[in-house]
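Chains as they are written, first to last, in this note's numbering: chain R, 14 to 319; chain D, 14 to 319.
C-beta atoms are modelled at their ideal positions from N, C-alpha and C, and glycine is treated no differently.
From a predicted model like this one, the values you see are computed outputs, not experimental measurements.
2 protein chains.
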Amino acid sequence: MSLIVTGTIGIDTVETPDGERREAILGGSAAYFSAAAQFYLPVRLVAAVGDDFPDGLMAQLRHFPAVDASGLEIRRGSKSFRWGGRYQRDMDQRDTLFTDLGVLAEAPPEIPENFRDSRYVFLANMHPALQADLLSKMTGPRLVVADTMNLWIDIAKDDLTSLLGRVDGLVLNFDEAEQFTGKRNPVTAGRLLLEYGPRFVVVKKGEHGAILVHRDGLAALPAYPAEQVVDPTGAGDTFAGGLMGYLAAADPTDPGDFATLRRAMAHGTVMASFTIETFSLDRLRTLDREQLEARYREYAAMIHLG
Amino acid sequence: MSLIVTGTIGIDTVETPDGERREAILGGSAAYFSAAAQFYLPVRLVAAVGDDFPDGLMAQLRHFPAVDASGLEIRRGSKSFRWGGRYQRDMDQRDTLFTDLGVLAEAPPEIPENFRDSRYVFLANMHPALQADLLSKMTGPRLVVADTMNLWIDIAKDDLTSLLGRVDGLVLNFDEAEQFTGKRNPVTAGRLLLEYGPRFVVVKKGEHGAILVHRDGLAALPAYPAEQVVDPTGAGDTFAGGLMGYLAAADPTDPGDFATLRRAMAHGTVMASFTIETFSLDRLRTLDREQLEARYREYAAMIHLG
Numbered sequence: 014m015s016l017i018v019t020g021t022i023g024i025d026t027v028e029t030p031d032g033e034r035r036e037a038i039l040g041g042s043a044a045y046f047s048a049a050a051q052f053y054l055p056v057r058l059v060a061a062v063g064d065d066f067p068d069g070l071m072a073q074l075r076h077f078p079a080v081d082a083s084g085l086e087i088r089r090g091s092k093s094f095r096w097g098g099r100y101q102r103d104m105d106q107r108d109t110l111f112t113d114l115g116v117l118a119e120a121p122p123e124i125p126e127n128f129r130d131s132r133y134v135f136l137a138n139m140h141p142a143l144q145a146d147l148l149s150k151m152t153g154p155r156l157v158v159a160d161t162m163n164l165w166i167d168i169a170k171d172d173l174t175s176l177l178g179r180v181d182g183l184v185l186n187f188d189e190a191e192q193f194t195g196k197r198n199p200v201t202a203g204r205l206l207l208e209y210g211p212r213f214v215v216v217k218k219g220e221h222g223a224i225l226v227h228r229d230g231l232a233a234l235p236a237y238p239a240e241q242v243v244d245p246t247g248a249g250d251t252f253a254g255g256l257m258g259y260l261a262a263a264d265p266t267d268p269g270d271f272a273t274l275r276r277a278m279a280h281g282t283v284m285a286s287f288t289i290e291t292f293s294l295d296r297l298r299t300l301d302r303e304q305l306e307a308r309y310r311e312y313a314a315m316i317h318l319g
Numbered sequence: 014m015s016l017i018v019t020g021t022i023g024i025d026t027v028e029t030p031d032g033e034r035r036e037a038i039l040g041g042s043a044a045y046f047s048a049a050a051q052f053y054l055p056v057r058l059v060a061a062v063g064d065d066f067p068d069g070l071m072a073q074l075r076h077f078p079a080v081d082a083s084g085l086e087i088r089r090g091s092k093s094f095r096w097g098g099r100y101q102r103d104m105d106q107r108d109t110l111f112t113d114l115g116v117l118a119e120a121p122p123e124i125p126e127n128f129r130d131s132r133y134v135f136l137a138n139m140h141p142a143l144q145a146d147l148l149s150k151m152t153g154p155r156l157v158v159a160d161t162m163n164l165w166i167d168i169a170k171d172d173l174t175s176l177l178g179r180v181d182g183l184v185l186n187f188d189e190a191e192q193f194t195g196k197r198n199p200v201t202a203g204r205l206l207l208e209y210g211p212r213f214v215v216v217k218k219g220e221h222g223a224i225l226v227h228r229d230g231l232a233a234l235p236a237y238p239a240e241q242v243v244d245p246t247g248a249g250d251t252f253a254g255g256l257m258g259y260l261a262a263a264d265p266t267d268p269g270d271f272a273t274l275r276r277a278m279a280h281g282t283v284m285a286s287f288t289i290e291t292f293s294l295d296r297l298r299t300l301d302r303e304q305l306e307a308r309y310r311e312y313a314a315m316i317h318l319g
């Protein structure tokens with residue numbers, strides 16, 4: 014089965030509440046997503062960076078052999094996307110220190126011809142009009158899921174609403190779901206979002222887990238109760254990567270069915286729990302399948318009523 | 014099997030963010046706890062009120078036939094405990110409008126002779142020295158669980174620490190666990206609390222569920238994803254009531270074993286989900302066993318990975 018992600022590769026600077034700081038580390042939604050999803054199946058990565066993108070970070074990305082980075086454009090004369098953030102004490106709020114859009118202010122990346130037949134499509138956070146444009150290049154997806162952010166709900170709600178009519182699923186944070194719908198309740202907000210077209214909405218609550226609002230039912234999953242939380246950056250993108258990776262590898266008869274999605278969310282949850290143990294993709298680079306499966310079993314046992 | 018709760022019966026005034034206000038409604042930890050637990054087995058209630066306690070509220074309490082209120086003292090010349098609170102917009106914070114301690118500033122209630130052989134004991138929130146005193150009257154409990162609050166961590170931490178050496182389990186809010194241990198992580202905080210003696214700690218996170226930190230393992234349960242949230246007052250006490258009620262009725266060979274406790278927490282979670290649908294104990298008064306079991310099945314299916 015084939016899985017594609019369109020999104021960003023970035024150069025991040027991250028400060029944590031205990032005073033740790035890492036400069037110019039690998040980040041971006043597509044980097045996190047594909048590093049997670051490639052544990053389940055090969056992933057086609059579509060993104061763009063500038064020619065200032067450090068070789069060292071490129072080597073880190075290429076460390077993941079099942080990520081097909083032939084859709085990663087390196088643009089001459091352009092600057093890479095850079096983001097800096099500082100986490101507040103309880104790690105569930107962060108302040109943006111700077112954002113240099115770089116290539117993100119230019120045309121979106123091209124989808125290579127040989128990627129266009131991808132059956133599972135994840136549109137990571139980007140202007141919803143660009144997400145729609147990228148989606149229109151795909152020739153026959155089985156399942157399309159999009160992520161979004163508060164900025165687009167603010168300034169491009171019509172485009173986002175239109176996109177919702179064209180995707181099977183939406184993944185977003187609780188605050189974004191509230192912002193879009195005006196409803197503080199994740200289930201109520203999720204149900205309202207379903208009215209715009211998707212078959213399911215995944216409301217992410219960070220350290221408090223995630224809720225699946227699906228036309229065929231509701232599911233609630235706690236986060237893995239992690240004790241080691243160094244850097245939450247990318248938790249949401251690796252959650253989506255684990256979710257989509259599991260789903261595409263399983264490739265069920267009905268690709269958006271409730272039971273498989275719930276299991277897929279559990280895989281996403283476990284993947285995110287590794288991501289936050291270190292900065293950047295450091296933990297995912299050392300993660301092996303045995304550790305992943307062991308923690309999945311531990312998590313499944315933890316939430317099972319037995 | 015026998016279950017006893019020591020705690021408060023109060024007269025509450027509650028304001029919710031949408032401007033609803035209820036004055037002089039039935040409240041208090043022991044009221045909520047026993048109304049929940051009595052769905053599983055008879056409950057022995059120990060508390061005190063003043064002679065100003067309204068007949069109407071007493072009738073509401075007596076509506077629950079499996080609550081043995083013969084340990085409820087009505088003190089001549091004393092005033093009942095009254096509390097007023099206002100919930101903030103997102104329902105997970107509340108401001109206290111007033112507290113009239115009344116009988117709570119007097120001697121604690123007596124435990125009737127015929128209650129002292131109770132095998133399951135729940136010490137609802139009260140000064141930890143009084144909790145210890147009440148516990149010392151019990152002749153042979155199988156399992157003792159205590160609740161507490163931020164005030165006692167502030168002003169009576171030594172008494173609380175001493176109490177922890179005498180109970181099997183502690184139930185407390187996430188913020189209280191952080192306040193006691195200085196650790197923001199619920200698992201880390203729970204593990205530190207175990208060092209004071211209990212075999213398990215249940216860290217409650219309100220709308221975000223609860224975490225069980227047990228000497229034999231960890232469990233994480235999401236809250237029931239409720240859409241109808243009118244008044245969260247008593248959610249924690251009915252959570253404890255459902256938990257202890259299920260546990261005492263099941264009366265396992267090892268009364269604090271991990272697997273039974275996890276299931277007991279699920280029962281507490283479901284019970285709390287009913288409580289918050291209305292003010293006071295209104296929903297629990299109309300709840301029947303069939304509705305309770307249906308929602309338990311729904312909840313279990315919701316979190317089961319299948």
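Beyond the five residues adjoining it in sequence on each side, D/A248 comes within less than 6 Å, by CB distance, of A285, T288 and I289 in the same chain, given in chain order.
For a cut-off of 8 Å, the C-beta gap from D/I24 to D/A37 is around 5 Å, short enough to register as a contact. Contact residues of the stretch 87-112 of chain R toward chain D are R102, D103 and M104 (C-beta to C-beta distance below 9 Å). Counting the other Cβ atoms within 10 Å of the Cβ of R/K170 gives fewer than 16, which makes it exposed. R/A253 sits close to R/A137, with the two beta carbons spaced by under 9 Å. Residues of the stretch 248-282 of chain D with a Cβ closer than 8 Å to any Cβ of chain R, in chain order: A272, R275, R276 and A279. Of the residues R/I17, R/A236, R/R308 and R/G69, the one whose Cα lies closest to the Cα of R/T152 is R/I17. By the rule that beta-carbons nearer than 9 Å mark a contact, D/G230 touches chain R. Against chain D, a Cβ distance below 8 Å from R/T288 picks out nothing, because the smallest value is about 17 Å. Closest in alpha carbon position to R/V80, among R/Q51, R/R107, R/A190 and R/E240, is R/Q51. Membership of R/L70 in the alpha helix (DSSP H) is indicated by the continuous run D68 to R75. The beta-carbon separation of D/G115 and D/R95, rounded to 7 Å, stays under the 8 Å limit for a contact.
Spanning the alpha carbons of D/L256 and R/V62 requires a straight line of approximately 54 Å. With contacts defined by Cβ atoms closer than 9 Å, R/H221 and D/H221 form a contacting pair. Per DSSP, D/L16 is one residue of the beta strand (DSSP E) stretching across L16 to T19. The Cβ atoms of D/Y237 and R/A233 lie closer than 9 Å to each other.
Residue environment: D/F111 is assigned as exposed (fewer than 16 neighbouring CB atoms within 10 Å of its CB, all protein chains considered).
The beta carbons of R/T19 and R/P122 sit closer together than 9 Å. Contact annotation: D/D172 and D/A44 have beta-carbon atoms that are not nearer than 9 Å. The beta-carbon of R/Y209 is placed no less than 9 Å from the nearest beta-carbon of chain D. The C-beta distance from D/V214 to R/E240 rounds to 14 Å, too long to meet the 8 Å contact threshold.
The alpha helix (DSSP H) runs lying completely inside the stretch 147-186 of chain R and spanning 4 residues or more are 163-168 and 170-177, given in chain order. Taking the Cβ atoms as the reference, R/A261 lies roughly 6 Å from R/L54, within the contact range of under 8 Å.
Counting only Cβ-Cβ distances below 8 Å, D/K217 has no contacts in chain R at all, with the closest Cβ about 13 Å away.
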